[in-house]
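Numbering (this note's numbering), first residue to last: 30 to 703. Beta carbons are placed, not taken as given, at the ideal position from N, Cα and C, and that holds for glycine. If you're wondering where the values come from, they're calculated on a predicted model, not measured in any experiment.
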RNA sequence: GCAUCGGUCGUCCAGCGGCCAGGAUUCCGGCUUUGUAACCCGGCGACGAGGGUUCGAGUCCCUCCCGAUGCUCCA
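Have a look at this one:
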């Protein structure tokens, strides 16, 4: 007698010996066909596994099961590690988890692996899969687990068992043939489920992500149930590469990065500058509606300012070095001052200098503090598209998404504790408006909260509770997945971050809204309350899009270069069929420009076909084709970026169609493309 | 910063010890006067820098510079 409990709680009884497959068939033929493997009492088993008599929990795993693919990939990680150990000696294994689009295994071996080793590793992996040896789970107590790892000379595993897993009484291993690996599991019952795999790349990684620890090599790979799925994945990656903002930025003439200017310093070319300005104007118009005041502040400030704010010298390694007064320089030079002495003198305040500003807050704080403030004045909202400079590590600079000089859509709000919740919510309204206008719905929200066990936080715990509740509630209003992260709050206050993925799956933090109880203390900010007493305001830092650079980088990829009409630097181009049509075409262009549209003309004596090709390559929203026929009839022939040739319409109609589209800021879906 | 990979006309790519370093595209000039994705002809134009090996180096070695990817997703 076998009693099988299914995940939905229902129980099936069998009075004879059955296999997993039999149970699946009894549920439905479709399920039986889709079944890959099953878990009996949480242990993965093959479909022909004979279910023991008695009561068991059974979960049939299909391709659509949430854990199916990650499990498959993690098993494939074992296969990959095993393959590497077969072709190399003295291989040290670290971690090998499944990740978003595949899996990796961190490995250390000497000499290091390179891409040239991929074919050999892949071939060995194929051999292992074809052997079809099962993954067998082995459970050991702590002591023998350590011994096993020591015997295998797997030092990382030994460390992990003794330190990372110090709490666990028993530890599990998975064995497949000669390969034994400390592993939580689960695994697929048999490697035959791995229908297709590919080693993607190799990169460096530190043991436990710690720069001071051993440098490992991280082998990235991916695996699927079917070859077709792998092929589709690879095709999608190819497609994604075409959206890369660095490629499109060059192709569309949006920005330039010049070695002679410096790494991570963006030169905005006219078209990109236009997009940026347009976006900035759009955000500004909403800031005005929400009661913000625009301010301007300089790009540098005295060291003393940053010492008071606490940014100097603690963030020194991520700042450009300080600028010194001319007299100081001369004096120090004549004294033969060394760099170390210089640095000490700057820290101690013996000499003064200026810092390229790494953030705008201290400047804004000083604007707040420039006059007496009353509770009647609050909230005070100071906004600035403020350019800041940070000396990011050279290895992580790239494109528009990681730069050394960037302009934040920054603002600082000085509010009373009572106003905090409303103001945090208000910050998110803007985020909502902009993301909706851009048609960006694929972002996630992180709420950084206190670590309940830590005491490093500044401010009254009661106020923190209120602030955290406000952040949580405001974040929920966005209608996007929220991830609460205890311990991720800054020491000075809780925060909300917005995160998007780029075309190759990297995550980028865009904006942030942070509550700050610290800076008002450091700068001794006050306002006079209704009780005629001095009170401490709370600050909110907010840059909903992070930086114009990163946001536009993400936008370029989001739109795959096809900006909506209101953002497109070149909204349409007039193409003449022959030079005969040029006078009329110029007239039309003039008319359109007068209507506020951004229209260029291609009056070259090229064939129409090649002008169209050029216009399409530049992803222009519209091409207006003008020939003698149009000149006679007062029309233009429209070619739409998505729908192709739309025929001739009167000039006035073309203009109103465009101005309507601009005014509505509509995002035409890529899917419309014929 | 560290690991792997890479750096060739403005751009994309070929060349991997040996004739004037190719092609495509852009650009310039000519030809053409064109009706919905590429007419033709000609021209300009490059081996990241510095050392070394060699009869001979874009190609091999070393150093430096620059770029890409990764260094978050825990046995």
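Discussion item. So, at 6 angstroms on beta carbons, what are the nonlocal neighbours of residue 323 in its own chain, with the 5 sequence-adjacent residues on each side left out?
Written reply: Take residue 323, set aside five residues on each side of it, and the residues of its chain with a beta-carbon closer than 6 angstroms to its own are 412, in chain order.
Worksheet entry | Reference residue 71; option with closest CA among 172, 89, 63, 54 | That would be 89, whose Cα lies nearest to the Cα of residue 71.
Worksheet item: Quick check: the region 398 to 408 against the region 299 to 311, are there 3 or more CB pairs under 8 angstroms?
Response: No: fewer than three Cβ pairs fall under 8 angstroms.
Item to complete: Would you tell me roughly how many angstroms separate the C-alpha atoms of residue 389 and residue 350, rounded to the nearest one?
Response: Their Cα atoms are separated by approximately 17 angstroms.
Worksheet item: What beta strand (DSSP E) runs, 3 residues minimum, are completely inside the region 575 to 654?
Response: Within the region 575 to 654, the runs of beta strand (DSSP E) that reach at least 3 residues and sit entirely inside it are, in chain order, 601 to 605, 628 to 631.
Item to complete: Closer than 8 angstroms by C-beta to residue 167: which residues in its own chain qualify, once you throw out the five before and the five after it? Chain order, please.
Response: Excluding sequence neighbours, residue 167 sits near 201, 202, 203, 204, 209.
Worksheet item: Do you know how far the Cα of residue 382 is from the Cα of residue 357?
Response: When rounded, the distance between both Cα atoms is 9 angstroms.
Practice prompt. Please work out which residues of its chain come closer than 6 angstroms, Cβ to Cβ, to residue 683, disregarding the five sequence neighbours upstream and downstream, and give them in chain order.
Written response: Correct list, in chain order: 665.
Item to complete: Count the C-beta pairs between the region 600 to 619 and the region 643 to 655 that are closer than 8 angstroms, then say yes if the count reaches three, no if not.
Response: At 8 angstroms Cβ cutoff, the stretches touch.
Worksheet item: Thinking just about the alpha-carbon of each residue, which of 170, 221, 180 is nearest to the one in residue 194?
Response: When each option's Cα is compared against that of residue 194, the closest is 170.
Worksheet entry | Burial state of residue 702 (16 or more Cβ within 10 Å) | Reliability fails at residue 702, whose pLDDT of 41 lies under 50, so the model's placement of it is uncertain and no value is given.
Practice prompt. Return yes when the Cβ of residue 112 is within less than 8 angstroms of the Cβ of residue 150, no when it is not.
Written response: Note that the C-beta distance between residue 150 and residue 112 is below 8 angstroms.
Fill in: Spatial neighbours of residue 39 in its chain, beta-carbon cut-off 7 angstroms, leaving aside the 5 residues before and after
Excluding residues up to 5 positions away in sequence, nothing lies with its Cβ nearer than 7 angstroms to the Cβ of residue 39 in the same chain.
Practice prompt. For residue 154, I'd like the list of residues in its chain whose CB is within less than 7 angstroms of its CB, leaving aside the five on either flank, ordered along the chain.
Written response: For residue 154, the CB contacts under 7 angstroms within the same chain, skipping 5 residues up- and downstream, are 108, 109, 112, 226 in chain order.
Item to complete: Report the residue from 98, 287, 397, 568 whose alpha carbon sits nearest the alpha carbon of residue 254.
Response: For the residues 98, 287, 397, 568, the minimum Cα distance to residue 254 belongs to 98.
Practice prompt. Please report the Cβ distance between residue 573 and residue 540, rounded to the nearest whole angstrom; I am assuming they are in contact, meaning their Cβ atoms lie under 8 angstroms.
Written response: Confirmed, Cβ separation roughly 4 angstroms.
Practice prompt. Indicate whether residue 245 and residue 135 have their beta-carbon atoms separated by less than 8 angstroms.
Written response: With a cutoff of 8 angstroms on beta-carbon distance, residue 245 and residue 135 are scored as near each other.
Worksheet entry | Nearest residue (CA-CA) to residue 115, options 138, 129, 94 | Distances from the CA of residue 115 to each of 138, 129, 94 were compared; the closest alpha carbon is that of 138.
Worksheet item: With respect to 7 angstroms, is the separation between the Cβ of residue 426 and the closest non-hydrogen atom of the ligand NAP below this value?
Response: In the structure shown, the ligand NAP is absent, as is every other ligand, since no ligand is present at all.
Worksheet item: So, are the CB atoms of residue 417 and residue 395 less than 8 angstroms apart?
Response: In terms of Cβ geometry, residue 417 and residue 395 do not form a close pair [threshold 8 angstroms].
Worksheet item: From residue 559 to residue 473, what does the alpha carbon distance come to, in whole angstroms?
Response: Distance from the CA atom of residue 559 to the CA atom of residue 473, rounded to whole angstroms, is 40 angstroms.
Worksheet entry | Separation of residue 593 from residue 700, as counted between CA atoms | Unreliable placement is indicated for residue 700, whose pLDDT of 49 sits below 50; no coordinate value is reported for it.
Worksheet entry | residue 663 and residue 680 closer than 8 angstroms at C-beta | Yes; because the gap between Cβ atoms is below 8 angstroms, this pair is in contact.
Item to complete: Answer yes if the region 441 to 449 comes into contact with the region 567 to 581, meaning at least three C-beta pairs across the two stretches below 8 angstroms, and no otherwise.
Response: Touching, yes, given that three or more Cβ pairs across the two stretches are closer than 8 angstroms.
Worksheet item: Out of curiosity, what's the CA-to-CA distance linking residue 494 and residue 518?
Response: Cα-Cα distance, rounded: 12 angstroms.
Item to complete: Could you tell me whether the region 576 to 591 touches the region 275 to 289, where touching means 3 or more Cβ pairs closer than 8 angstroms?
Response: Touching, yes, given that three or more Cβ pairs across the two stretches are closer than 8 angstroms.
Item to complete: Decide if residue 100 is buried, meaning its Cβ has at least 16 other Cβ atoms within 10 Å, or exposed.
Response: The residue in question, residue 100, is buried, as its Cβ has 16 or more Cβ neighbours within 10 Å.
Practice prompt. Could you give the DSSP three-state label for residue 264: helix, strand or coil?
Written response: Residue state, collapsed to three classes: helix.
Worksheet item: Thinking C-alpha only, which one of 595, 450, 671 is nearest residue 691?
Response: Out of 595, 450, 671, 595 has the C-alpha closest to the C-alpha of residue 691.
Worksheet entry | Which residues DSSP lists as bridging residue 272, in chain order | Answer is none; residue 272 lacks a bridge partner.
Discussion item. Taking 6 angstroms as the limit between beta carbons, can you name the residues of its chain near residue 96, skipping five residues before and five after?
Written reply: Once the five neighbours on either side are set aside, residue 96 has no close Cβ partner at all.
Item to complete: On a CA-only basis, which of 336, 191, 432 is nearest residue 291? Give me that one, please.
Response: For residue 291, the nearest C-alpha among the options comes from 432.
Discussion item. Can you tell me whether residue 289 is buried or exposed? The criterion is at least 16 other CB atoms within 10 Å of its CB, across all chains shown.
Written reply: Label assigned to residue 289: exposed.
Worksheet entry | C-beta atoms of residue 511 and residue 476 nearer than 8 angstroms | Cβ distance < 8 angstroms, so residue 511 and residue 476 count as in contact.
Worksheet item: Near residue 188, which residues of its chain fall below 8 angstroms by C-beta distance, leaving aside the five closest residues on each side in sequence?
Response: Apart from the 5 residues on each side of it in sequence, residue 188 has no Cβ closer than 8 angstroms to any other Cβ in its chain.
Fill in: Where residue 659 sits in the DSSP three-state scheme
Helix, per DSSP.
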